[in-house]
Each structure stands twice: as structure tokens, then as C-alpha cells.
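**Q**
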Amino acid sequence: MLIRQNDDILPSEITPPEIYRERRRFMQGMGALAAGAALGGTPDAQAGARLAGVRASAYRLDEEKTPYKDVTRYNNFYEFGTGKSDPAENAASLKTRPWTVTVEGEVGKPGVYDIDTLLKLAPLEERVYRMRCVEGWSMVIPWVGFPLRELVRRAAPTGNARYVEFVTLHDAKQMPGQRARVLDWPYVEGLRMDEAMHPLTLLAVGLYGEVLPNQNGAPIRLVVPWKYGFKSAKSIVKIRFVEKQPLTAWMKAAPQEYGFYSNVNPQVDHPRWSQAKERRIGEFFKRDTLMFNGYVAQVAQLYSGMDLQKFF
Amino acid sequence: MWAVLRNPKAWLALLCLLPLLRLIVLGATDGLGANPIEFITRSTGTWTLTGLLLTLSVTPLRRLSGRADLLRYRRMLGLFSFFYAGLHFVTYVWLDQFFDPAAIAKDIVKRPFITVGFTAFVLLIPLAATSTHAMMRRLGRRWQQLHRLVYLIALLGVTHYLWLVKKDLTVPLIYGGVLALLLATRLPWGVNALKAARTVRAGLIPRE
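Take a look at the structure:
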């Protein structure tokens, strides 16, 4: 049988994938912009729109980034369902404008911040961080945001502020997963003050240089790269400075399985499964999980002298 | 050749291969998602459980319908459950642990959900091995005693699922509920209930 070679497409005419994906995303951004404008919303609030003025930062990794498709379609966000494709499927009902974040508690300057004010609070920078889920999989994600300490400083915490508590939006109309009582809503997370002030701790508003998609915790979320993913509260509406250690949603749900610290630690297993290894999304072989998710040099001193088996 | 098409068993076998076929098609078309190994592990695991529940539903269905010939399909359903359990186990050993005997041994001893899952799989082996007519004849009464192990296996399978889920127990509890119902039909009152239902049904629908 004769198979005719088809030579009429020159290699130079084939658009490289990076470029056509970029174009597609640009077109989607334009579409979203148009839709936003038509609805009377703020156009730059739409997921996928390019964030302006994002600086590169020293926080990058020599590891391959997880594709945008996987970061946005495979994650946990129980407010939209417990399956890992549920957030991408159900998060369209979340409205990220108008949005405010209340800062309260043991602070000299409490306040209600509009999300658009927060976006201009500090210069936005891109940070490529490892993300390790407590379930045993991991990603490398280029976030856009600013250090949480920028906001903490402005709030002027009092001497009594020893912990920071983060509260996610509680509205079952926008977050259909909250109709199921898998967790005691709203989702609450917390950090010790020194963890909150750590330069690695990020308030993220973007992903891959674009506005954060709803399913990844829009419009503003926490990213604490040396802790298991669930510590990084999403779609935050309240940041509260407190004296006592907050009771987090997962500590309430299963205290014997999830502690307050939840630092990534290959030597401390989850009671039901090992944490020694992880599957990096996109890779075939499992890789060893690193102490503090590879951020030992930056964060180990926060826990010097602590028994990490006890304070898991 | 065309006789195959008239054989309901051939159709059932084809039907039982669909979950595997689906995985192959999804695998070839980049459809297994961000974590393909987790997808395959989950899929083969849930199809093993589904297969076991279908196998266990043959007897109550037979009692309900009075159709003794349904028994002919039970062996195939049971063997397909074993087939998917084998795929599930191979996925774990090969794709998940990559033949690391030390890690696997540690997992089996230390992780209760793996312990019960592994036990269920091991217990399935003698059932599959004694599924032939010849073995049935050779074992006689003991065959039925041995094959009652399937109740324990199904319970271990559901427990395995319940213990591995992080928080949302809905789906494993559905499997557990169906299993409880199927086991209840084996108890004396369950058998009576099926008989009663059959009498009512026979009264309502005249037999041709």
C-alpha cells in the first residue's frame, strides 16, 4: 500500500504549544473581560485575566512546574465537593466581587479590607513553591501574591496576639459543598505568630501570572509551603489575631489525625498512611518527601527544641 | 461463530470487560486526569467491590424470581471480581510501590486499610482456584463451606474502602449498605421476606 507523504505543512508553520496555549488563554481572558464588562463587574476580577505589575522573586525552584491544567483541575476544596475534580466543576457559583477581608482581634488597627485594596497593598510577586498534600501527592506551583507579614504589620498586633486564625467564606449558595456536613463550616485554619510573619508565608491572589481561579481559593488565599496543603486556607473572609491556639477545621474533624502544626514531615506518618514518599503530579515514580517540604533552611529554626512527633 | 452471540454468558463476559476497556481508552486518550495511577487504583478497586456485590446478589435474585438458571452467571461474576482485585493489587504493587518489597511488607503490617484489603485479596485466591465444576464435585459439601468466605471478603473489602477515605464516607457507606442488605437476605427472616415477595409477585403476574 502506498502511503503518500503530505508535505504541505512546513514545520515553521506549526505553532509551538506554549504560544498557542498562551493565545488561547489570552482569548479566554478577553472573553472573560467582555463577559465581566457586560455584567457590570470589575473586569480584572475574572480568573484567567493577566495580573499587572507582577515582579519576579528570588523564590523559584529548579523543578518542573505542574501544568496549569492539573493545578486547576485536580485539587481539594471541600467547599465545592470532596472529589478532586469537584472544585473545577462547581466553583463557578463563587462570586469574588464584591469581597472583603475583615482583620480583627488582638490588633491596634482592625479593619475591613476591600479585595481591590488588598491587591494594591504590597507589590505582587511570583513565587514558585512546592505544594505537598497530606494525601501523598505534590505539585510545583507558581503563585502570585505578597507576604502575609505585609498585612500583619499594617494591622499592628498587640502583645496578646500569639496566633492568627483564617476563616473561609461560609455560604452554601456560593459553595455547594457546604450543604454536606463533611466538615464543621466555616473552614478555619491557623498559624503561630512567627509562622505568619515568616517571609515564605504568602497571601496569594494569582496563579501562573493570572487572577486566581475560583477553584484554587479566589480571590485571596494563604500559601504556607512547608505545611500540608490543607493549612493554606482558601477564599479568606476573616483574619483574626488571637491569644489561644485556634481550633482548626481538620483538628475538629479528626484530632488524632491532624494536628495544629501539620508541617510536612516524612518521619511522622499519618495514622493511616505513610508520609515518607509522595507522587509528584506528572511523574511516574514516587519521590522522597523532604523535611518541611524542602524548606528546612528557611523554617527549621521555628521549631527548634520541639518534639515534632508530639506537635504534628 | 454466531452461536457466541446467542450465548448470554458471552455478553456478560463482554460487559464485565467494559471497565477495563474504559481504562484502556482513557489511558490512550489522556483521560485519566492529573493522577492516573490513583484513578486506576480507585477504578479497579471499586469495580472489584461492585463485582462482589453483583455476585452476592445472584442468590437473592434467584429466590425472588424463582429462576434457577441465574446461578450459571454467578461463577463468571465472581471470577471477574477476582480479575479486578488482581488488577487492583498489581496496580498497587507495580505502579504505586514499584515492587519495593520492604515498603509493601511494611504497608501490609502497619496500615490497617492495606492489611484488610490484602487479606481480602488473599482469601479470594482459594475461591477462584476452586471455582471449576471438577473442584465443586471433589469438595462436595465443603465447597459451599469454603465459598461462604465471600461474605467475609466483601466485609473486608468495604472496610478497606472505609478506612482509606480521608473524610467523606458517603460512597463507601453506600457499598456497605448494599452489602448489609444482601447479607440480610441470607438470614432466615430475609429468606422468608424474599419468599413472601415472590408469592405476591406470582399472584399479581399470572404465569404464561
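First to last, the protein sequences are chains A and B.
Heads up: the first sequence begins at 1 in our numbering, then just goes up one per residue.
Heads up: the second sequence begins at 1 in our numbering, then just goes up one per residue.
Don't be surprised by glycine CBs; every beta carbon is placed ideally from N, CA and C.
Along chain B, in chain order, which residues have C-beta atoms closer than 8 Å to that of Ser-85 of chain A?
**A** Gly-33
**Q** From Thr-199 of chain B to Ser-81 of chain B, what distance separates their C-alpha atoms?
**A** 32 Å
**Q** Would you say Ile-141 of chain A faces chain B, with C-beta separation under 8 Å as the test?
**A** no
**Q** Would DSSP call Asn-263 of chain A helix, strand or coil?
**A** Asn-263 of chain A: strand per DSSP, three-state reduction.
**Q** For Trp-189 of chain B, which three-state DSSP category applies?
**A** helix
**Q** Taking all protein chains shown into account, do 16 or more other C-beta atoms lie within 10 angstroms of the C-beta of Gly-27 of chain B, making it buried, or fewer, making it exposed?
**A** exposed
**Q** For Thr-289 of chain A, which residues of its own chain have a beta-carbon under 7 Å away from its beta-carbon, when the five flanking residues on both sides are left out?
**A** Closer than 7 Å at the Cβ level, and outside the excluded window around Thr-289 of chain A, lie Arg-132, Val-264, Pro-266, Gln-275, Ala-276, Lys-277 and Glu-278.
**Q** Val-164 of chain A and Leu-191 of chain A: beta carbons closer than 8 Å?
**A** In this structure, Leu-191 of chain A lies closer than 8 Å to Val-164 of chain A by Cβ.
**Q** Between the Cα of Leu-169 of chain A and those of A:Val-188, A:Val-152, A:Gly-159 and A:Pro-157, spot the shortest distance and give me the residue it belongs to.
**A** A:Val-188
**Q** Does DSSP put Tyr-228 of chain A in a helix, in a strand, or in coil?
**A** coil
**Q** Using a Cβ-Cβ cut-off of 8 Å, state whether Ala-253 of chain A counts as contacting chain B.
**A** yes
**Q** By the 10 Å Cβ neighbour count, where 16 or more other Cβ atoms means buried, how is His-133 of chain B classified, buried or exposed?
**A** Burial is judged here by how many other beta carbons sit within 10 angstroms of a residue's own beta carbon; His-133 of chain B has fewer than 16 and is exposed.
**Q** Taking 7 Å as the limit between beta carbons, can you name the residues of its chain near Leu-149 of chain B, skipping five residues before and five after?
**A** Leu-123 and Leu-127
**Q** If you reduce the DSSP assignment to three classes, tell me which class Leu-207 of chain A lands in.
**A** Annotated three-state conformation of Leu-207 of chain A is strand, per DSSP.
**Q** Closest by CA to Ala-155 of chain A, which one among A:Glu-125, A:Ala-58, A:Lys-238 and A:Val-224?
**A** A:Lys-238
**Q** Would you mind sorting Arg-6 of chain B into buried or exposed? The rule is 16 or more other CB atoms within 10 Å of its CB.
**A** exposed
**Q** With H, G and I counted as helix, E and B as strand and the rest as coil, what does DSSP make of Asp-116 of chain A?
**A** Looking at Asp-116 of chain A - three-state DSSP - the assignment turns out to be helix.
**Q** Considering only C-alpha positions, which residue in the set A:Val-224, A:Asn-293, A:Gly-282 and A:Lys-84 is nearest to Lys-166 of chain B?
**A** A:Lys-84
**Q** Report the partner residues of Val-107 of chain A according to the DSSP bridge assignment.
**A** Residue pairing by DSSP places Val-107 of chain A opposite A:Pro-157 in a beta bridge.
**Q** So what's Thr-201 of chain A in DSSP terms, helix, strand or just coil?
**A** coil
**Q** Here's the rule I'm using: 16 or more other beta-carbon atoms within 10 Å means buried, otherwise exposed. How should Ala-10 of chain B be labelled?
**A** exposed
**Q** Nearest CA to the CA of Thr-91 of chain B: which residue from B:Thr-170, B:Thr-159 and B:Gly-45?
**A** B:Gly-45
**Q** Can you grab the Cα-Cα spacing for the pair Val-58 of chain B / Gly-282 of chain A, in whole Å?
**A** 42 Å
**Q** Which residue spans inside the region 33-97 of chain A form an unbroken beta strand (DSSP E) run of at least 3?
**A** none
**Q** Measure the C-alpha to C-alpha separation of Glu-106 of chain A and Met-197 of chain A and round it to an integer number of angstroms.
**A** 15 Å
**Q** Given that Phe-285 of chain A touches chain B, what residues does it touch there, using C-beta distances under 7 Å?
**A** Phe-98
**Q** By DSSP's criteria, Ile-141 of chain A is part of a beta bridge. Which residues make up the other side?
**A** The secondary-structure analysis by DSSP pairs Ile-141 of chain A across a beta bridge with A:Tyr-129.
**Q** Exposed or buried, which one is Arg-227 of chain A when buried takes at least 16 other CB atoms within 10 Å?
**A** According to the sequence displayed, residue 227 of chain A carries Lys and not Arg. Flag for Lys-227 of chain A reads buried.
**Q** At what residues does the beta strand (DSSP E) containing Val-134 of chain A begin and finish?
**A** Unbroken run through Val-134 of chain A: none, as it is neither H nor E.
**Q** How would you call Arg-63 of chain B, buried or exposed, if buried means at least 16 neighbouring beta carbons within 10 angstroms?
**A** When all chains shown are included, Arg-63 of chain B counts as buried.
**Q** Got a sec? Which residues, its chain only, sit under 6 Å from Asn-90 of chain A by beta carbon, not counting five neighbours each side?
**A** Phe-80, Gly-81 and Pro-176
**Q** Output the distance between the C-alpha atoms of Leu-119 of chain A and Thr-158 of chain A, rounded to the nearest integer angstrom.
**A** C-alpha of Leu-119 of chain A to C-alpha of Thr-158 of chain A: approximately 25 Å in a straight line.
**Q** Would DSSP call Glu-283 of chain A helix, strand or coil?
**A** coil
**Q** Got a sec, what are the start and stop residues for the alpha helix (DSSP H) Thr-168 of chain A sits in?
**A** No alpha helix (DSSP H) contains Thr-168 of chain A, which is instead part of the beta strand (DSSP E) from 163-168.
**Q** Quick one: what does DSSP say Leu-54 of chain B is sitting in, helix, strand or coil?
**A** helix
**Q** What are the boundary residues of the beta strand (DSSP E) that includes Phe-241 of chain A?
**A** Membership of Phe-241 of chain A in the beta strand (DSSP E) is indicated by the continuous run 236-242.
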